[in-house]
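Report on the structure given below.
Residue numbers (my numbering), protein chains in the order written: chain A, 17 to 551; chain B, 25 to 364.
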């Protein structure tokens with residue numbers, strides 16, 4: 017049951033709108049309930065072939081020899097595709113926004129880094145012939161030591177999962193193996209606290225499990241173009257990723273999608289489109305690459321695991337004085353999007369509370385498991401689990417009601433957040449009050465009277481003196497440069513022939529220096545991290 | 025051996041849009057000669073209602089009935105660039121782009137109407153039912169259809185508009201983490217009531233009460249579907265799901281929905297939801313986005329309710345009967361906390 021509490025924040029809204037705010041029936045409702053909406057897999061094209069991939073049975077192994085000759089002779093097989101035939105067989109998804117290094121092949125060439133990593137693709141008349149041919153591919157593996165625990169992976173001497181990142185961690189700002197938050201002096205906060213609580217939290221991976229699994233159908237079109245029906249969550253993101261991997265101008269590709277059977281973050285990685293298009297290029301026929309449920313559940317990216325350590329200092333009257341936070345994102349064998357989630361996690365700290373001293377180190381760690389990817393609440397869900405369990409324990413520790421403890425520490429309009437931007441448009445207190453009311457959970461009168469719009473700012477708006485290991489003398493360039501979308505294609509370069517060589521340096525033309533963003537709407541005022549004042 | 029009831033709560037906030045911004049979306053809006061509008065996008069409807077919410081935003085901004093707007097998505101040849109449907113960015117980013125495109129199209133429509141009615145464009149208003157009339161003089165009116173015909177065949181105008189929405193990319197300070205991650209945040213607080221069987225370790229959901237603040241609820245039914253479904257994803261995450269039950273040991277993974285546990289219809293409990301609307305200053309009509317955050321408060325609220333019921337803290341997900349039972353045994357039996 018859903019109730020709209022129009023009485024709250026009523027003075028901030030004009031409720032006299034005609035269409036917005038109405039429970040209008042969905043535009044696509046009739047199609048969905050009568051099974052006439054068109055999903056990608058409804059495009060059954062004449063002469064369509066089917067693509068399947070051979071997946072590694074090992075979590076970490078050198079590929080000594082791959083023999084596809086018997087598979088190529090299997091009846092119904094139209095084409096066997098090896099890594100060397102992928103024009104640019106190394107990519108990282110966020111290279112589209114210039115973040116991170118190319119670290120993941122479409123088809124493995126020198127070694128495999130997780131169980132289930134694709135090595136060879138087979139295109140055949142039907143799925144059965146493709147599966148049978150996969151059985152006839154002979155690969156000699158030389159198994160390597162594995163690492164599955166994020167903290168083990170960081171120890172000296174741990175097996176190197178991904179040679180692009182030899183320390184098993186993503187590299188931030190060209191120098192750190194983690195993203196930092198430094199706000200105030202956490203150690204001083206702990207010294208002033210009456211209670212200290214340090215805890216460890218562990219979230220295991222979960223599946224996206226959308227009704228419709230990942231897949232795509234690519235077909236040759238007129239004038240040398242290819243049409244691609246896809247279940248992607250991000251049409252141009254997938255299109256530009258394919259244009260890069262296949263080394264074609266982006267307008268060679270015509271992507272059609274938009275009606276998708278659930279995603280939850282699991283349809284951003286663009287795992288099927290490059291191969292179905294390449295299959296269509298090499299055979300001149302439409303090619304379908306659909307990932308089955310077992311394959312998706314076993315070998316495709318889940319939400320990654322996270323391990324979190326939180327140390328809090330709290331005064332006996334219930335104010336949290338300091339929060340120290342260390343978190344390890346288990347990215348699996350490749351980066352995909354976990355590097356992004358780490359920064360989002362850091363930005364989220366210390367949760368929706370005003371805490372004067374915050375210290376955090378957040379790591380993106382490589383292990384020999386299926387690469388993790390985005391999922392609903394990416395970078396935040398596990399952190400909220402940890403923070404809110406911790407908040408319950410802290411309330412218990414100081415003998416406060418957990419609702420009242422939240423309201424006491426809640427952020428309010430005008431407060432300074434740990435990432436050094438002012439809190440605006442906050443509403444945590446009101447949510448706690450209304451939830452308490454609905455659940456008939458008694459809270460004290462002073463907490464019922466609290467408001468997100470009162471008692472914030474002032475001293476709470478200050479940036480506290482912050483000890484920083486290496487003082488900055490000049491503004492650092494952003495490591496997130498402007499998106500370099502749709503760069504002009506470079507001529508095709510053969511992939512590095514020898515195994516274990518570092519990928520060649522970024523061959524793209526460097527984009528023009530980004531124009532400065534207008535310092536207007538979203539509080540982009542710069543503060544000196546050392547002196548805490550405007551520059 | 026007994027079943028113990030307990031209640032726990034959690035409160036959260038959630039950033040809207042891609043962290044650090046830099047994630048644009050575009051929209052194109054145009055009218056056909058009958059005054060029916062098409063919104064061209066490359067954004068994805070995953071089932072969350074992208075087509076529907078942008079359709080309502082477009083109709084509102086144009087001042088025409090929602091039936092006169094159709095959202096066409098996603099085709100890379102006709103739909104302009106959109107970063108994608110993730111990071112709770114659809115309503116906020118795409119909604120703003122559509123509102124901007126519709127505003128531009130409306131301006132042309134009003135100019136065409138002014139020419140037909142021979143009045144000043146500043147004196148005109150839409151009635152939201154498919155007509156444009158002089159403010160205060162409803163009889164001096166023309167239908168949007170007649171305006172579209174005149175614009176197309178007589179005046180040679182295109183009733184169309186372009187829109188883009190971009191939150192400029194923020195840098196990140198390597199030493200302090202100073203950054204501008206998001207322009208607005210949604211909020212929630214959820215109370216979970218559970219029953220814990222101290223003989224089996226099994227946790228049963230009894231009920232949930234929640235308050236979600238999402239900016240303006242642009243379509244309350246779409247909001248409801250997100251909040252109800254999202255909360256159950258949270259319950260599932262808290263108590264049932266994992267492809268690696270012995271993480272970090274990767275063995276014993278499930279292969280299908282027989283082996284991968286999720287709550288079934290018999291496990292569903294009542295969920296009473298309140299929606300608060302504090303409009304986002306930069307949201308389309310104040311909208312933020314309920315997409316991702318609705319699952320987040322459920323996980324800790326359930327864990328905290330289990331503590332309230334039997335006095336054990338399970339700090340690893342999922343909170344399986346095995347983990348609950350081991351924790352109860354380790355503390356020498358259930359220790360129910362003060363009832364709330």
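Built from N, CA and C at the ideal position, the CB exists for glycine as well.
Quiz item: Taking the C-alpha atoms as reference points, what is the distance between residue 91 of chain B and residue 299 of chain A?
Solution: So the alpha carbons of these two residues sit roughly 45 Å apart.
Give a yes or no on whether the minimum CB-CB distance between residue 44 of chain A and chain B is below 9 Å.
-> Under the 9 Å criterion on CB atoms, residue 44 of chain A is classed as interfacial with respect to chain B.
- Query: Any residues in the region 195 to 221 of chain A with a beta carbon nearer than 8 Å to a beta carbon of chain B? Which ones, in chain order?
  - Reply: Listed by position along the chain: 195, 196, 197, 198, 199, 215, 216, 217, 218, 219, 220 and 221.
Fill in: C-alpha distance - residue 198 of chain A paired with residue 112 of chain B, whole-angstrom precision
Whole-angstrom Cα-Cα distance: 27 Å.
Use the C-beta contact count for residue 270 of chain B: other C-beta atoms within 10 angstroms, 16 or more gives buried, fewer gives exposed. Residue 270 of chain B counts as exposed, since fewer than 16 other C-beta atoms from the protein chains shown sit within 10 angstroms of its C-beta.
Legend entry - Anticipated Cβ contact below 8 Å, residue 373 of chain A with residue 424 of chain A, distance rounded: Contact between residue 373 of chain A and residue 424 of chain A does not hold, since the beta-carbon distance rounds to 17 Å and is not under 8 Å.
Practice problem: Drop a sphere of 10 angstroms on the beta-carbon of residue 585 of chain A, count the other beta-carbons inside from all chains shown, and report buried for 16 or more, exposed for fewer. | Solution: This structure cannot speak to residue 585 of chain A, because chain A is shown only from 17 to 551.
At which residues does the beta strand (DSSP E) containing residue 157 of chain A begin and terminate? That run of the beta strand (DSSP E) goes 154 to 159.
With 16 other CB atoms within 10 Å as the buried threshold, where does residue 156 of chain A fall?
Flag for residue 156 of chain A reads exposed.
Find out if the Cβ-Cβ distance for the pair residue 330 of chain B, residue 234 of chain B is shorter than 9 Å.
Not a contact, by the Cβ cut-off of 9 Å.
| task | Taking residue 254 of chain B as the reference, give the member of B/174, B/217 and B/319 with the closest Cα. | result | Ranking the options by Cα distance to residue 254 of chain B, first place goes to B/319.
N-terminal and C-terminal residue of the alpha helix (DSSP H) that residue 170 of chain B is part of: Going by DSSP, residue 170 of chain B is part of the alpha helix (DSSP H) stretching over 168 to 173.
### Task
Give a yes or no on contact between the region 408 to 428 of chain A and the region 26 to 42 of chain B, applying the rule of three or more CB pairs nearer than 8 Å.
The region 408 to 428 of chain A is in contact with the region 26 to 42 of chain B.
Just reading off the beta strand (DSSP E) that residue 131 of chain B is part of, what are its end residues?
Judged by DSSP secondary structure, residue 131 of chain B falls outside any beta strand (DSSP E) and instead within the alpha helix (DSSP H) spanning 119 to 141.
Specify, as a first and last residue, the run of the alpha helix (DSSP H) that residue 347 of chain B falls within.
From DSSP, the alpha helix (DSSP H) with residue 347 of chain B extends over 345 to 354.
Judging by CA-CA distance, which residue of B/66, B/97, B/206 and B/127 is the nearest neighbour of residue 360 of chain A?
Residue 360 of chain A has its Cα closest to that of B/206, out of B/66, B/97, B/206 and B/127.
| task | Just the C-alpha distance for residue 219 of chain B and residue 226 of chain B, rounded to the nearest angstrom, thanks. | result | The straight-line gap from Cα to Cα measures roughly 8 Å.
**Asked** Near residue 301 of chain A, what residues of its chain come up, given a Cβ to Cβ distance below 6 Å and the 5 sequence neighbours on each side ignored?
**Response** The residues 63 and 65, in chain order, have a CB closer than 6 Å to that of residue 301 of chain A in the same chain once the five nearest residues on each side in sequence are set aside.
Checklist entry - Taking residue 190 of chain A as the reference, which of A/115, A/254 and A/143 has the closest Cα? => result Of the candidates A/115, A/254 and A/143, A/115 places its Cα closest to the Cα of residue 190 of chain A.
Once you ignore the five residues that flank residue 555 of chain A on each side, which residues in its own chain have a CB closer than 7 Å to its CB?
-> The question about residue 555 of chain A has no answer, for chain A in this structure spans 17 to 551.
inquiry  = Just to confirm the assignment, what range does the beta strand (DSSP E) spanning residue 49 of chain B have?
reply    = For residue 49 of chain B, the enclosing beta strand (DSSP E) stretches over residues 49 to 55.
Under 7 Å (Cβ pairs) to chain B, residues found in the region 127 to 146 of chain A: Hits within the stretch: zero.
Of the residues that make up the region 30 to 44 of chain B, which ones have a beta carbon closer than 9 Å to any beta carbon in chain A?
For the region 30 to 44 of chain B, which is checked against every Cβ of chain A, the residues closer than 9 Å are 31, 32, 33, 34, 35, 36, 37, 38, 39, 42, 43 and 44.
**Request:** Please check if any C-beta of chain B sits within less than 9 Å of the C-beta of residue 443 of chain A.
**Result:** Output row for residue 443 of chain A: interface = yes.
My guess is that residue 164 of chain A and residue 274 of chain B are in contact by the Cβ rule of under 8 Å, so how many angstroms apart are they, rounded? Indeed, because the Cβ distance is near 6 Å, the residues count as touching under 8 Å.
Mapping the DSSP letters down to three states, classify residue 380 of chain A as helix, strand or coil. Looking at residue 380 of chain A - three-state DSSP - the assignment turns out to be strand.
Residue environment, residue 200 of chain B, which counts as buried when at least 16 other CB atoms sit within 10 Å: Classification of residue 200 of chain B: buried, given that the 10 Å Cβ count is 16 or more.
I want to see whether chain A comes within less than 9 Å of residue 97 of chain B, judged by CB atoms only; does it? So, interface residue.
Should the region 255 to 266 of chain A be called in touch with the region 203 to 213 of chain A, which here means at least 3 C-beta pairs below 8 Å? Cβ pair count under 8 Å is below three, so no.
Using the three-state DSSP reduction, which class does residue 524 of chain A fall into: helix, strand or coil? Reliability fails at residue 524 of chain A, whose pLDDT of 45 lies under 50, so the model's placement of it is uncertain and no value is given.
### Task
Determine, using beta carbons only, whether residue 303 of chain A and residue 341 of chain A come nearer to each other than 9 Å.
Contact flag unset, no.
- Item | Secondary structure of residue 476 of chain A, DSSP reduced to three states | Note: residue 476 of chain A maps to helix in three-state DSSP.
Selected residue, minimal CA-CA separation from residue 203 of chain B, among A/461, A/444, A/474 and A/434: Taking each of A/461, A/444, A/474 and A/434 in turn and checking the Cα distance to residue 203 of chain B, the smallest one comes out for A/434.
| Any idea if residue 466 of chain A is buried or exposed, counting beta-carbon neighbours within 10 angstroms, 16 or more meaning buried? | Looking at its Cβ environment, which holds 16 or more other Cβ atoms inside 10 Å, residue 466 of chain A is buried.
Problem set entry | Residue from A/184, A/429, A/258 and A/237 whose Cα sits closest to the Cα of residue 108 of chain A | Looking only at A/184, A/429, A/258 and A/237, the smallest Cα-Cα distance to residue 108 of chain A is reached by A/258.
Worksheet item: What did DSSP end up calling residue 412 of chain A once you bin it into helix, strand or coil?
Response: Looking at residue 412 of chain A - three-state DSSP - the assignment turns out to be helix.
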